[in-house]
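Written below as structure tokens is the structure these notes are about.
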Amino acid sequence: MKFGKEFASQMVPEWQAAYVDYSSLKKFLKEIHGVKQKYRQPDTPTRLQRALTLYRSFSGLDPRRNKGGSSFDDHDVENQAILVNSVRGNGSGKYETTFLMVAEEGAEYEQEFFKKLDNELNKVDKFYRSKVKEVMAEAETLTNQMHALIAFRIKVDKLQENFDVSGSNDKIMVPMNALQGTTESDNDAKQSSNGCLEIQEENPKKVVSSIRLAPQEVLNHVKLNQAIQAPFSAAKVYCASNTNKTQMNFSKDNLKKIQNQLKQAFIEFYYKLRLLKNYSFLNVLAFSKIMKKYDKITSRRASKYYMRTVDDSYIGNSDEVTKLMERVEATFIKHFSNSNRSKGMNQLRPKSKKERHSTSFGTGFFAGCTAALILALVLIIHARNILDKEGRVQYMESMFPVYSLFGFMVLHMLMHAGNIYFWRRYRVNYSFIFGFKQGTELGFREALFLSFGLATLALISVVSNLDMEMDPKTGDYKALTELLPLSLLLLVIIVLLCPFNILYRSSRFFLLRTSFRCICAPLYKVKFQDFYLADQFTSEVQAFRSVEYYICHYGWGDFKLRQNTCKSNDIFNTFYFIVAVVPYWSRLLQCVRRFHDEKDPMQGYNGLKYFLTIVALCTRTAYGLDRGTSWKAVAWTFSAMAALYGTYWDLVVDWGLLQRRSKNRWLRDKLLIPYKSVYFGAMVLNVLLRFAWLQTVLDLSLSLHRETLIAIVASLEIIRRGIWNFFRLENEHLNNVGKFRAFKSVPLPFYNDEDEDRID
1 MKFGKEFASQ MVPEWQAAYV DYSSLKKFLK EIHGVKQKYR QPDTPTRLQR ALTLYRSFSG
61 LDPRRNKGGS SFDDHDVENQ AILVNSVRGN GSGKYETTFL MVAEEGAEYE QEFFKKLDNE
121 LNKVDKFYRS KVKEVMAEAE TLTNQMHALI AFRIKVDKLQ ENFDVSGSND KIMVPMNALQ
181 GTTESDNDAK QSSNGCLEIQ EENPKKVVSS IRLAPQEVLN HVKLNQAIQA PFSAAKVYCA
241 SNTNKTQMNF SKDNLKKIQN QLKQAFIEFY YKLRLLKNYS FLNVLAFSKI MKKYDKITSR
301 RASKYYMRTV DDSYIGNSDE VTKLMERVEA TFIKHFSNSN RSKGMNQLRP KSKKERHSTS
361 FGTGFFAGCT AALILALVLI IHARNILDKE GRVQYMESMF PVYSLFGFMV LHMLMHAGNI
421 YFWRRYRVNY SFIFGFKQGT ELGFREALFL SFGLATLALI SVVSNLDMEM DPKTGDYKAL
481 TELLPLSLLL LVIIVLLCPF NILYRSSRFF LLRTSFRCIC APLYKVKFQD FYLADQFTSE
541 VQAFRSVEYY ICHYGWGDFK LRQNTCKSND IFNTFYFIVA VVPYWSRLLQ CVRRFHDEKD
601 PMQGYNGLKY FLTIVALCTR TAYGLDRGTS WKAVAWTFSA MAALYGTYWD LVVDWGLLQR
661 RSKNRWLRDK LLIPYKSVYF GAMVLNVLLR FAWLQTVLDL SLSLHRETLI AIVASLEIIR
721 RGIWNFFRLE NEHLNNVGKF RAFKSVPLPF YNDEDEDRID
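Under UniProt numbering, think of the first position of the sequence shown as 1, with each following residue one higher.
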């Protein structure tokens, strides 16, 4: 692989603009090469002549080689092409290169090259300096957190000893102002020479700390961050504000939570240090590569002079990051992995996810099975002439809604697999945006594997249950085949909830946790993955209605005769409204919570969009159940308002498009896809699919069964959501790039007294 491609592949996507613009410098060198070829003099040494000169120098035949063995020293000084100076201004150092060979032909091109090269060096040096300053401040914060953790652990151990002696079962709530006694551990606490945390363990149950303050003094200056605990945390903090400010619960449960939070903070901090170290290495290597190309094109020896400056710069000479990594490794291994270096380093440096051949094989196998079963289904329908049989109407009314659920699920999963493929292709850092742990995110192959696997099982069930006539002996349909879709749904639920580490447990649990946060809105602080998943649920309304139909058909209907009274049941129709509204209601509550937390009026406008959608959905559903003229007018009005509002929000806010003054007219300044027609096509398609609801109020006379039409419209909405997903994450990624935001913010367990107002 060429260095340019390897360099681009190893960049932190959100920092791309902060790296050396290697491709631009390389293009500039091509222009210099063209100029050199144009003005090449007859006596200019050719490549063969340069090779002969180099051979003579090493063989001792070159007269310029002195007896001491050094070569070209005097010649290089005389023919030095550049002079690099460090200029101090505004408190920061900048590098300026003076090109000395100004009398030569094409010298202005080389002057411009070094000017651009200096700009790149100053850019990366400034960025690296700012990031190192940030991590140094964060390191100080983590050091204070560790001081508080050790002090907290000492108090827990001391109170646990008293608890064991007294045998009391009462909950330990200790006012901080009452813990003024000095313990033996307190007397042993002293400040280390370097001011960093040092722990000496005498035995597994007793820990002696050496910190800058005595444990009690540390605890007097910090409090537990109650706002990061589980639901109702905001209410807990508000109601207990007068008591919790002077009390701290020294329990083992709290100690375990604190340790887990600090452990995650250290892992994320170490990941940041690794990326910073890699950033420094890649940029220095890029300068070396580009200067070697310059020397080759111009036949000069300027690279060693310029690289000497690069090596002496902050990005090339600073070792703060390396020292911090060593400190983090030592602290993490000692306090979070029981001094087991192998275990600690595996947690700090998780192995990159490897593509498994079994996944590729399974994906291909199930894809082939899916294609074969679809073909078999078509041939069976044609061979049995099923479309002309009397039982087809009853099948469409009772069984088609049952199987359509799996169609919606498979289609959504296929769209997600396609999104993952294109996110990776255009370097959208979706794993960071969603907050996945390193190495646990699903690739497009895994998503396709699950999609085709579920499709295969669903199609087997459909092919096995194509009977249009009841068994003449029993007078009903076969119970076993009628229960196949219910069995498959239960299997999907069991796999989703399975606690064993099979079928991507981390991804399944991530989905369950995020779904729970969506259901509990607005009790949790809303993250990107929360409202993203809630938006997916709004496009799966018909799938939720299919689940409701499952309960009615198999719970209260006669599934052996394919008969039920669901559509005429008032309770079913009531929940038909509720099930459709719940996803939008959850999304509305998330907007309310974000408006409360962020004080952003845009969240209020976004909530209004979902409110209009709820009204439009209810009126369309009412019109579908009772086709009256009044309902039609109301449904038309609110549906048109919701569709227009939603279309504008999709294109302008979620995708960031339709910017008149953008350099890409009617799009945005930064585009990941090089073809502008893709964006215009996506906008047109989004508008068309947004208005797919028209068929529900226009009563179009289509030669399709009502259930078929409902499934088609629901599928179009899923396709629209899949397209929306790609451009929504692209816009989010570009926002992160603009802010150089490449790391998760991990909540810390302790905060100081001066931070109390900010936390509350």
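Think of the CB as a built atom: it goes at the ideal place given N, C-alpha and C, for glycine as much as any other residue.
Option in Leu608, Glu326, Asn731 and Thr619 with minimal Cα separation from Val653: Asn731
In the DSSP assignment, find the beta strand (DSSP E) that holds Tyr477 and state where it starts and stops. Premise fails: Tyr477 is in no beta strand (DSSP E) and is neither H nor E.
Do Asp535 and Ala587 come within 9 Å of each other at the CB atom, strictly closer than that value? Per the sequence presented here, residue 587 reads as Arg, with Ala not at that position. Going by C-beta atoms, Arg587 is nearer than 9 Å to Asp535.
Which residue's Cα is closest to the Cα of Pro522: Ile150, Arg513 and Cys591? Cys591
By the three-class DSSP mapping on this structure, what secondary structure does Ile502 have? coil
Output the distance between the C-alpha atoms of Leu411 and Ile718, rounded to the nearest integer angstrom. 7 Å
Taking 6 Å as the limit between beta carbons, can you name the residues of its chain near Val218, skipping five residues before and five after? His147, Ala148 and Ala151
Could you name the residues that DSSP lists as bridge partners for Asn731? The partner list for Asn731 (beta bridge, DSSP) is empty, contrary to what the question assumes.
CA-to-CA distance, Ser398 to His553, given in whole angstroms: 8 Å
Gly418 beta carbon less than 9 Å from that of Phe444: yes
Cβ-based burial, His75 [other Cβ within 10 Å; buried from 16]: Bear in mind that the predicted position of His75 carries a pLDDT of just 47, short of 50, making it too unreliable to give a figure here.
Just to confirm my understanding: we take Tyr623, look at its own chain, exclude 5 residues before and 5 after, and list those with CB closer than 6 Å. What are they? Trp631, Lys632 and Ala635
In the DSSP output, what is Thr98 paired with across the bridge? Leu83
Local conformation of Asp319 per DSSP, three classes: coil
Can you give me the C-alpha to C-alpha distance between Tyr19 and Ser288, rounded to a whole angstrom? 14 Å
Hey, is the region 712-728 in contact with the region 245-264, meaning 3+ C-beta pairs nearer than 8 Å? no
Work out the CA separation of Leu83 and Ala307 for me, nearest whole Å. With the sequence shown as reference, residue 307 is identified as Met, and Ala is not the correct amino acid for it. Rounded to the nearest angstrom, the two C-alpha atoms are 12 Å apart.
Given this structure, state the Cα-to-Cα distance separating Tyr95 from Val746, to the nearest angstrom. 37 Å
Anyone know if the C-beta pair for Thr309 and Leu121 falls short of 9 Å? yes
Relative to the C-alpha of residue 783, which residue among Ala376, Glu469 and Leu405 is closest? There is no way to answer for residue 783, as the model of the chain reaches only from 1 to 760.
Can you round the beta-carbon distance between Phe336 and Lys263 to whole angstroms, since I take them to be within the 8 Å contact cut? 5 Å
Collapsed DSSP secondary structure at Asp626 in the structure displayed: coil
By DSSP's criteria, Gln563 is part of a beta bridge. Which residues make up the other side? Asp558
Where does Asn144 land, buried or exposed, given buried means 16+ other C-beta within 10 angstroms? buried
Please say whether Leu685 and Lys676 have beta carbons closer to each other than 9 Å? no
Relative to the alpha-carbon of Tyr271, which residue among Ser318, Gln438 and Asn385 has its alpha-carbon at the smallest distance? Gln438
For the beta strand (DSSP E) that contains Asn752, what are its first and last residues? Phe750 to Asn752
Under the three-state DSSP convention, the category Leu667 falls into: strand
How many Å lie between Phe577 and Phe7 at the Cα? 54 Å
Quick one: Cα of Leu276 to Cα of Glu320, how far? 11 Å
Validate contact between the region 443-462 and the region 366-384 using beta carbons, cut 8 Å, 3 pairs: yes
Provide the residue span of the alpha helix (DSSP H) that contains Lys30, from first to last. Tyr22 to Lys38
Alpha helix (DSSP H) segment containing Leu448, residue limits: Phe444 to Ser464
Return the chain-ordered list of same chain residues with a C-beta closer than 6 Å to the C-beta of Thr98, the five sequence neighbours on each side being excluded. Leu83
Give the list of continuous alpha helix (DSSP H) stretches no shorter than 4 residues that lie fully inside the region 377-434. 391-398, 400-425 and 430-434
Would you kindly check if the distance between the Cβ of Ser303 and the Cβ of Met291 is under 9 Å? yes
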